[in-house]
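Taking it in order: structure first as structure tokens, then the write-up.
Numbering (the numbering used here), first residue to last: 2 to 396.
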């Protein structure tokens, strides 16, 4: 566990789920830069303060120590929200010290200080600025923060066009601040999110259908090529199987199963609030109200009972914000094994170079190649009766 040192105290912080082997901190230099700026300028925090994109709760936890008038965190991530709650508790703050909102919730009606941790997704930033703009007034203090590599001309243009005049600070430890002066009278274009697009002709069961993507969902304006390859090689003849689309994104894979397998029980699971909202809207639109499905925002398959699933379909991410890592994939594979019944199967699509077959053999004891092309592979792992996952592969 690492400790963040600020002008208002020192705070023990971790990511969620906590893993002693994980060397990634729950904050970076841009969080430190913003907190230092607020302290040095003695920014008035006595009104309504909103923190957007606070990845693991570092900003919310440090600001809670300043006892602001009303503090809200807005996040698209279940894991980030859980990390914030646990980091607040770890530092002795009451559960109501920070109002924990998701990007799907209504934002505060009035915001006096808006702090924006620039996200990786430009679309998510655009959507959030549009949603928050009506709550700002001429006196609202708006400060953004991010690493220099994450702040581009397009980032500044969004602040400028949606909120008002914008400038940046000098860089410090490869981080930069964004200062924006809200102009409530400014005419803004309509919020383009959520975005809709038509699936390509080679997308199997879902070909030609129009799907919706909330801002911040992976590959928001088109079907990603990994999922497109996966759709061509999904298992068939599932009958009454219980199927989990794990890390579902906008739910295209689970939707394809639901349409092709009318008796299958489909579960859509993701840690992203906008992803699951997108998946649910797509399911309701194309399958209809008579068919039921489960939509879970959470930590992988944590809410599902052990040995309660017949098939897990997974296109795992290999980035955690800006860090390239297979940690998320390993946790997903282990989570899948826990919920699969004996004889149940995990089907995974991934880039060839990631070597998922090695990890799957460690967790399941075997792995079969279903399909491949020069870029992607589809792999199948079966849970054998008896036996246990290797200890070093558990989350």
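For every residue, glycine included, the Cβ atom is placed at its ideal position computed from N, Cα and C.
Inset, instruction - Give me the Cα-Cα distance between residue 84 and residue 52, rounded to the nearest whole angstrom. - result: Roughly 15 angstroms between the two C-alpha positions.
Inset, instruction - Count the CB pairs spanning the segment 273-284 and the segment 42-60 that are closer than 8 angstroms, and state whether there are at least three. - result: A contact is defined here as three or more CB-CB pairs under 8 angstroms, and the segment 273-284 fails this definition with respect to the segment 42-60.
Legend entry - Three-state class that DSSP yields for residue 325 in the structure shown: For residue 325, the pLDDT reaches just 45, beneath the cut-off of 50, and the residue's location in the model is therefore unreliable, although a value from the coordinates is still provided. DSSP places residue 325 in strand when its eight states are reduced to three.
Legend entry - Host beta strand (DSSP E) of residue 115 (start-end): Residue 115 -> beta strand (DSSP E) spans 114-118.
Legend entry - The beta strand (DSSP E) enclosing residue 176, as first and last residue numbers: That run of the beta strand (DSSP E) goes 176-181.
Inset, instruction - Specify whether the segment 235-247 and the segment 210-227 touch according to this definition: at least 3 beta carbon pairs, one from each stretch, less than 8 angstroms apart. - result: They do not touch, by the three-pair rule.
Legend entry - Rounded C-alpha distance that separates residue 126 from residue 386: If you take the alpha carbons of residue 126 and residue 386, they lie about 46 angstroms apart.
Inset, instruction - Might you give, ordered along the chain, the residues of its own chain that have their beta carbon closer than 7 angstroms to the beta carbon of residue 345, omitting 5 neighbours on each side? - result: Non-local beta-carbon contacts of residue 345 in its own chain, meaning distances under 7 angstroms to residues more than five positions away in sequence, involve 310, 311, 312 and 384 in chain order.
Legend entry - N-terminal and C-terminal residue of the beta strand (DSSP E) that residue 369 is part of: Looking at the DSSP string, the run of the beta strand (DSSP E) that includes residue 369 is 369-373.
Inset, instruction - Starting from residue 75, follow its DSSP beta bridges and name the residues at the other end. - result: Residue pairing by DSSP places residue 75 opposite 53 and 102 in a beta bridge.
Inset, instruction - Using DSSP bridges, identify the partner residues of residue 13. - result: In the DSSP output, where bridge partners are listed per residue, residue 13 has 4.
Inset, instruction - Give the DSSP-derived three-state secondary structure of residue 96 in the structure shown. - result: Coil at residue 96, not helix or strand.
Inset, instruction - Mark residue 330 as exposed unless 16 or more other C-beta atoms lie within 10 angstroms of its C-beta, in which case mark it buried. - result: By the 10 Å Cβ count, residue 330 comes out buried.
Legend entry - residue 272 to residue 184 span [Cα, whole Å]: Cα to Cα, residue 272 sits roughly 35 angstroms from residue 184.
Inset, instruction - Please go through the same chain and pick out, in chain order, the residues whose beta-carbon is closer than 8 angstroms to the beta-carbon of residue 379, but skip the five residues on each side of it. - result: Only 230, 231, 234, 348, 349, 350, 370, 371, 372 and 373 meet the Cβ criterion.
Inset, instruction - Tell me whether residue 204 sits in a helix, a strand or coil according to DSSP, three-state version. - result: Here residue 204 sits in coil by DSSP.
Inset, instruction - Could you tell me the boundaries of the beta strand (DSSP E) in which residue 144 lies? - result: Where residue 144 is concerned, the enclosing beta strand (DSSP E) stretches over 142-148.
Legend entry - 8 angstroms Cβ cutoff met for residue 137 and residue 159: Residue 137 is not a Cβ neighbour of residue 159, given a cutoff of 8 angstroms.
Inset, instruction - Identify the continuous beta strand (DSSP E) that holds residue 346 and give its terminal residues. - result: Counting along the chain, the beta strand (DSSP E) containing residue 346 begins and ends at 341-352.
Legend entry - Straight-line Cα distance separating residue 34 from residue 26: Between residue 26 and residue 34, the C-alpha separation is close to 15 angstroms.
Inset, instruction - Take residue 241 and list the residues in its own chain whose beta-carbon comes closer than 6 angstroms to its own, dropping the five residues that flank it on each side. - result: 264.
Inset, instruction - Indicate whether residue 124 and residue 250 have their beta-carbon atoms separated by less than 8 angstroms. - result: Not closer than 8 angstroms, so no.
Inset, instruction - Could you round the C-beta distance between residue 104 and residue 275 to whole angstroms and report it? I think they count as a contact, below 8 angstroms. - result: Right, their Cβ atoms sit about 6 angstroms apart.
Legend entry - Paired residues, beta bridge with residue 246 - DSSP: Looking at the DSSP assignment, residue 246 forms a beta bridge with 269 and 314.
Inset, instruction - For residue 360, count neighbouring C-beta atoms within 10 Å of its own C-beta (all shown protein chains included) and say buried if the count is 16 or more, exposed if not. - result: That one is buried.
Legend entry - Residues sharing a beta bridge with residue 127, DSSP: Looking at the DSSP assignment, residue 127 forms no beta bridge with any residue, so it has no partner.
Inset, instruction - Give the secondary structure of residue 1 by DSSP, where H, G and I count as helix, E and B as strand, and everything else as coil. - result: The first residue shown for the chain is 2 and the last is 396, placing residue 1 beyond what the model contains.
Inset, instruction - Express the C-alpha separation of residue 353 and residue 44 in angstroms, rounding to a whole number. - result: Residue 44 and residue 353: Cα-Cα distance of roughly 50 angstroms.
Inset, instruction - Leaving aside the five residues before and after residue 169 along the sequence, list all residues of the same chain whose C-beta is less than 8 angstroms from its C-beta, in chain order. - result: Only 152, 157, 177, 178, 179 and 180 meet the Cβ criterion.
Legend entry - CB contact flag (residue 69, residue 46, <8 angstroms): Contact: yes.
Inset, instruction - Pick helix, strand or coil for residue 210, following the three-state DSSP scheme. - result: Under the three-state reduction of DSSP, residue 210 is assigned to coil, being neither helix nor strand.
Legend entry - Cβ-Cβ distance between residue 333 and residue 301 below 8 angstroms: Annotated as proximal: residue 333 and residue 301, with beta-carbon spacing under 8 angstroms.
Legend entry - With 16 other Cβ atoms within 10 Å as the buried cut-off, status of residue 335: The residue in question, residue 335, is buried, as its Cβ has 16 or more Cβ neighbours within 10 Å.
Legend entry - Member of 54, 299, 298 and 36 whose CA lies at the smallest distance from the CA of residue 67: Answer by Cα proximity: 36.
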